[in-house]
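A.B. asks: Protein chains in written order, with our numbering: chain W, 9 to 261; chain C, -6 to 278.
The beta-carbon is built from N, C-alpha and C at its ideal position, and this holds for glycine as well.
Because the structure is a prediction, the values reported are computed rather than measured.
One structure, as structure tokens, below. Some questions next.
Here it is, written out as structure tokens:
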């Protein structure tokens, strides 16, 4: 079955008419007559069943990301930024999953404007400034998962296990959604893979203080490439740079 | 990345550390085709030392394209002074940063060059592999802007049917919309826009007025495509750079320059009023 998405005008209307009570209910009424088809992309008929299994697994976030990516491997870069695509998923198959997060804030007594903002950030690709960016995508609860797999997965000719590096990226949520994923080096795949391979090769060093060490590594590279054209460097070049700072990384507590 | 104003630890041609900082070193052009963005790079480099290093395969031209909205970042390396690349339309969205550099492919010992500022002339530098040696051009393109047809009025303005009996202007959409009453709109579509003799009249009256208003409101509509297209021209065309679109007198002048001098076309040229109303044999009196 061809994948459905919201029409742009419907998506805009939903955003303009957010009522938190509609998002706290167990099911959202979506007007299917206002949805469109995303030709070339198919819906996975078993997605809901696989989704339930994933939520029960020991690493639900990682497994959900892989499921999402494997369900939509043919999305092109442009389609993977469509708000109308992610908003369709968030109002249908992921509605209850996202609602649980909203319920926590509702039960904590957050006011209506907070809840509206939460809905905008989680059900839609929303930015206050109106500008669309890498950090907006990577921080989104669904789009961020898909893109995190996209930037970290090995191609078949690189490794038999596609997700060796993806598992490292998901060791800590901020790593893909706040640091490596949102830095400008996050959009250069050889750099992403170099950082993750460096952690893989130095697993003993990264056994503890993972967050502090990965933050240091990302900041170091960000500074290093502040005046150098990162895209002229190969993955091996970047790995060599990182190898040179292993002593400093090890000393971080 | 803004290389031109960056202070490198060694002199880089095309930046503040070089004598020839303002020299035109290269050019990037960006054109949208049906399925791809076609980007051309042309180098005007004449520096003998750098040309020698290119010939010896020690340095290469590098094209670098990145787009934050689609997490796209890629580079291409070339030895020729002119080259082009194609990027599928599905890979880019919004703002695209493009750099045209010369980078080293090997470590270079004792690098020195004529372009160094006087205070560096007696020094030589250790250049590492991947270090930039020249910034030939760097630009930011907005992929929604039709750069190829930027000067065509139709790229920023549309004529639409209005709902009132006077003409109105709407700045809310991607184009400046001139909304004509239905009867006027019908005459416009059936006759006026098909007769090139009437274009100078139409441009110097209805279109020019709308553009002046739009220029005065430019700051309020920064995100709209028409405003981004005009802003690009204001920032990149030399004769427009020193005029302030917020100033009504400047806006009057800017509108004429943006439209290719419609008053001049009204008075002089093949389709001018003069040629339309007076045959070549007629006397003005």
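1) Quick test of the definition: if touching needs 3 or more C-beta pairs under 8 Å, does the segment 55 to 72 of chain C touch the segment 86 to 99 of chain C?
2) What's the C-alpha gap between residue 193 of chain C and residue 258 of chain C?
3) Using a Cβ cut-off of 8 Å (strictly closer), state whether residue 61 of chain C contacts chain W.
4) Is residue 79 of chain C helix, strand or coil when you go by DSSP?
5) Looking only at C-alpha atoms, which of C/49, C/107, C/82, C/79 sits nearest to residue 98 of chain C?
6) Just to make sure I have the definition right: I need the residues of chain W whose C-beta is within less than 8 Å of the C-beta of residue 123 of chain C. Which are they?
7) Can you name the start and end residues of the alpha helix (DSSP H) that residue 251 of chain W belongs to?
8) Across which residues does DSSP place residue 253 of chain C in a beta bridge pair?
9) Run through DSSP, which three-state label would residue 40 of chain W get?
10) Which value, in whole angstroms, describes the spacing of the CA atoms of residue 48 of chain W and residue 121 of chain W?
11) Could you give the first and the last residue of the continuous alpha helix (DSSP H) run that contains residue 73 of chain W?
12) For residue 234 of chain W, count the other beta carbons within 10 Å of its own beta carbon; 16 or more makes it buried, fewer makes it exposed. Which is it?
13) Can you list the residues of chain C that residue 231 of chain W reaches, using a CB-CB cut of under 9 Å?
14) Can you tell me which of C/10, C/71, C/37 puts its alpha carbon nearest to the alpha carbon of residue 111 of chain C?
15) Report the partner residues of residue 196 of chain W according to the DSSP bridge assignment.
16) Residues in the same chain with beta-carbon distance under 6 Å from residue 276 of chain C, minus the five sequence neighbours each way, listed in chain order, please.
17) Note the first and the last residue of the continuous beta strand (DSSP E) segment covering residue 103 of chain C.
18) Cutting at 7 Å between CB atoms, please list the residues of its own chain near residue 278 of chain C, excluding the five before and the five after it.
19) Would you check if there are 3 or more beta carbon pairs closer than 8 Å linking the segment 27 to 46 of chain C to the segment 248 to 255 of chain W?
20) Would you kindly check if the distance between the Cβ of residue 200 of chain W and the Cβ of residue 225 of chain W is under 8 Å?
21) How about residue 92 of chain C and residue 221 of chain C: do their beta carbons lie closer than 8 Å?
22) Under a Cβ-count criterion, where at least 16 other Cβ atoms within 10 Å of its own Cβ denotes burial, should residue 106 of chain C be classed as buried or exposed?
23) Output the distance between the C-alpha atoms of residue 239 of chain W and residue 166 of chain C, rounded to the nearest integer angstrom.
24) Name, please, each residue of chain W whose Cβ falls closer than 9 Å to the Cβ of residue 211 of chain C.
25) Residues of the segment 43 to 67 of chain C with a CB closer than 7 Å to any CB of chain W: list them in chain order, please.
26) Helix, strand or coil: which one does DSSP assign to residue 53 of chain C?
27) Using a 10 Å radius around the Cβ and a threshold of 16 neighbouring Cβ atoms, would you call residue 184 of chain C buried or exposed?
28) When you check each C-beta in the segment 132 to 160 of chain W against every C-beta of chain C, which residues fall closer than 9 Å?
29) Indicate the three-state DSSP secondary structure (helix, strand or coil) for residue 263 of chain C in the structure shown.
30) Measuring straight from C-alpha to C-alpha, what distance separates residue 171 of chain W and residue 158 of chain W?
31) Against residue 7 of chain C, what residues of chain W qualify as contacts under a CB-to-CB distance less than 8 Å, listed in chain order?
32) With a threshold of 8 Å between beta carbons, is residue 187 of chain W in contact with chain C?
33) Skipping 5 residues on each side, what residues in its chain have a beta carbon closer than 7 Å to that of residue 227 of chain W?
34) Round the Cβ separation of residue 154 of chain W and residue 96 of chain W to the nearest angstrom and send it over; I've been treating them as touching at under 8 Å.
35) Is residue 143 of chain C close to chain W? Criterion is C-beta to C-beta, closer than 8 Å.
36) Between the segment 190 to 205 of chain C and the segment 261 to 273 of chain C, do three or more beta carbon pairs fall short of 8 Å?
C.D. replies: Let me lay it out:
1) Judged by Cβ distances under 8 Å, the segment 55 to 72 of chain C makes contact with the segment 86 to 99 of chain C, as three or more pairs qualify.
2) Within the second chain, the letter at position 200 stands for residue 193 of chain C. Within the second chain, the letter at position 265 stands for residue 258 of chain C. Roughly 6 Å separates the two Cα atoms.
3) As a first step, residue 61 of chain C is located in the second chain; it is residue number 68 there, counting from the start. Yes, its Cβ sits closer than 8 Å to a Cβ of chain W.
4) Here residue 79 of chain C corresponds to residue number 86 of the second chain, with the count starting at 1. DSSP, read as helix, strand or coil, puts residue 79 of chain C in strand.
5) Position 105 of the second chain, counted from the first residue, corresponds to residue 98 of chain C. If we check each option's Cα against that of residue 98 of chain C, C/49 comes out closest.
6) Here the question's residue 123 of chain C lines up with position 130 in the second chain. Going along chain W in sequence order, the residues near residue 123 of chain C (Cβ under 8 Å) are 236, 237, 240, 241, 245.
7) For the purposes of this step, residue 251 of chain W is taken as the residue at position 243 of the first chain. DSSP places residue 251 of chain W inside the alpha helix (DSSP H), whose first and last residues are 243 to 251.
8) In the second chain, counting from the first residue as 1, residue 253 of chain C sits at position 260. None; residue 253 of chain C has no bridge partner.
9) Within the first chain, numbered from 1, the residue matching residue 40 of chain W stands at position 32. Three-state result, residue 40 of chain W: helix.
10) Counting from 1 along the first chain, the entry for residue 48 of chain W is found at position 40. Counting from 1 along the first chain, the entry for residue 121 of chain W is found at position 113. Their Cα atoms are separated by approximately 38 Å.
11) Locating residue 73 of chain W in the first chain gives position 65, where the first residue counts as 1. It spans 68 to 79 - the alpha helix (DSSP H) in which residue 73 of chain W sits, taken as one unbroken run.
12) Start at 1 with the first residue of the first chain, and residue 234 of chain W comes out as number 226. Burial call: exposed.
13) The residue labelled residue 231 of chain W in the question sits at position 223 within the first chain. Ordered by position in chain C, no residue passes the 9 Å Cβ test against residue 231 of chain W, which lies about 13 Å from the chain.
14) Here residue 111 of chain C refers to the residue found at position 118 of the second chain. Out of C/10, C/71, C/37, C/10 has the C-alpha closest to the C-alpha of residue 111 of chain C.
15) Residue numbering aside, residue 196 of chain W sits at position 188 when the first chain is read from its first letter. Its beta-bridge partners do not exist; DSSP assigns none.
16) Against the second chain, residue 276 of chain C aligns to sequence position 283. Below a pLDDT of 50, predicted positions are generally treated as unreliable, and residue 276 of chain C, at 49, falls in that range; the measurement from the model is reported next regardless. The answer is none, since no qualifying residue turns up.
17) Residue mapping note: residue 103 of chain C aligns to position 110 of the second chain, counting from 1. In this chain, the beta strand (DSSP E) harbouring residue 103 of chain C covers 101 to 104.
18) Numbered from 1 along the second chain, position 285 holds the residue referred to as residue 278 of chain C. For residue 278 of chain C, the predicted structure reports a pLDDT of 45, less than 50, and the residue's modelled location is therefore unreliable. The matter cannot be settled from this model.
19) The answer is no - the segment 248 to 255 of chain W does not touch the segment 27 to 46 of chain C, with fewer than three Cβ pairs under 8 Å.
20) As a position in the first chain, residue 225 of chain W is number 217, starting the count at 1. As a position in the first chain, residue 200 of chain W is number 192, starting the count at 1. Cβ distance not < 8 Å, so residue 225 of chain W and residue 200 of chain W don't count as in contact.
21) Mapped onto the second chain, residue 92 of chain C falls at position 99. Mapped onto the second chain, residue 221 of chain C falls at position 228. If you check the CB distance, residue 92 of chain C and residue 221 of chain C do not come in under 8 Å.
22) For this step, residue 106 of chain C is matched to residue 113 along the second chain. Looking at its Cβ environment, which holds 16 or more other Cβ atoms inside 10 Å, residue 106 of chain C is buried.
23) As a first step, residue 239 of chain W is located in the first chain; it is residue number 231 there, counting from the start. As a first step, residue 166 of chain C is located in the second chain; it is residue number 173 there, counting from the start. Rounded to whole angstroms, the gap between the alpha carbons of residue 239 of chain W and residue 166 of chain C is 37 Å.
24) In the second chain, residue 211 of chain C corresponds to position 218, counting from 1. The contacting residues do not exist; residue 211 of chain C stays about 17 Å from chain W at best.
25) Hits within the stretch, in order: 55, 57, 59, 61, 62, 63, 64, 65, 66, 67.
26) In the second chain, counting from the first residue as 1, residue 53 of chain C sits at position 60. Here residue 53 of chain C sits in strand by DSSP.
27) Against the second chain, residue 184 of chain C aligns to sequence position 191. It counts as exposed.
28) Against chain C - using a Cβ distance shorter than 9 Å - the residues of the segment 132 to 160 of chain W are 138, 139, 140, 141, 142, 143, 144, 145, 146, 155, 158, 159.
29) Taking the second chain and counting its residues from 1, one reaches residue 263 of chain C at position 270. Looking at residue 263 of chain C - three-state DSSP - the assignment turns out to be coil, as it is neither helix nor strand.
30) Stepping through the first chain from its first residue, residue 171 of chain W is reached at position 163. Stepping through the first chain from its first residue, residue 158 of chain W is reached at position 150. Computed Cα separation, rounded: 10 Å.
31) As a first step, residue 7 of chain C is located in the second chain; it is residue number 14 there, counting from the start. Going along chain W, no residue has its Cβ under 8 Å from residue 7 of chain C, so there is no contact; the nearest lies around 13 Å.
32) The count along the first chain starts at 1 and reaches residue 187 of chain W at position 179. So, not an interface residue.
33) For the purposes of this step, residue 227 of chain W is taken as the residue at position 219 of the first chain. Excluding five sequence positions before and after residue 227 of chain W, none of the CB atoms of its chain fall closer than 7 Å to its own CB.
34) In the first chain, residue 154 of chain W corresponds to position 146, counting from 1. In the first chain, residue 96 of chain W corresponds to position 88, counting from 1. The distance from the Cβ of residue 154 of chain W to that of residue 96 of chain W is about 14 Å, inconsistent with a contact at the 8 Å cut-off.
35) By one-based count along the second chain, residue 143 of chain C stands at place 150. Answer no: the Cβ-Cβ gap between residue 143 of chain C and chain W never drops below 8 Å.
36) They touch, by the three-pair rule.
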